[in-house]
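Asks: Here numbering that gives the first Met the number 0 is used: the first residue of the sequence shown is 0, the next is one more, and so on.
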Amino acid sequence: MIGIDEAQFSDMGLVVVCQTLADQGVRVIVAGLDMDFKRIPFGPMPGLCSVADDVVKVHAICVKCGNLANYSHRLVKNDKQVMLGETDEYQPLCRKCYLKVRK
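#1: When you compare the CB positions of Q7 and G42, do they come within less than 9 Å of one another, or not?
#2: Any chance the segment 9 to 27 sits against the segment 53 to 69, with 3 or more Cβ pairs inside 8 Å?
#3: Going residue by residue through the segment 5 to 48, where are the continuous alpha helix (DSSP H) segments of at least 4 residues, counting only ones entirely within it?
#4: Which residue from L74, V29, H72, A68 puts its Cα closest to that of D53?
#5: What are the partner residues of H72, as DSSP defines its beta bridges?
#6: Within a Cβ cutoff of 8 Å, which residues of the same chain sit near C93, ignoring the five residues on either side of it in sequence?
#7: Would you mind working out which of C96, L47, K76 sits nearest V103, comparing C-alpha positions?
#8: Between which two residues does the beta strand (DSSP E) holding G2 run?
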């Protein structure tokens, strides 16, 4: 078994590596964000999801209303796709709360 975390920061080569390992009988578990703070697909995640045998989508809890959070809202002004941060730079939001703060 092989586990890969933060897969969104990898390139598309990860899809080929995971597929090759799975074809050889290795169980591959991959974790990562499927989209960035602008809701744009992130790195190799769409490709990984398309070749996966199983996909489990895990959600945080919206910090505004307590519903399931689908999105990462960036709190600081920085337009780069990749900006590593902790809870003071991002917050999980549901669709309704995300759209409200993005207006």
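Cβ coordinates follow ideal geometry from the N, Cα and C atoms, glycine included.
Just so it is clear, the structure is predicted and the values come from calculations on it, not from any experiment.
Replies: Taking the structure as given:
#1: yes
#2: no
#3: 12 to 22
#4: V29
#5: Q90
#6: C61, K63, C64, N66, L67, A68, N69, Y70
#7: Because residue 103 is not part of the residues shown, which for the chain are 0 to 102, the question remains open.
#8: 1 to 3
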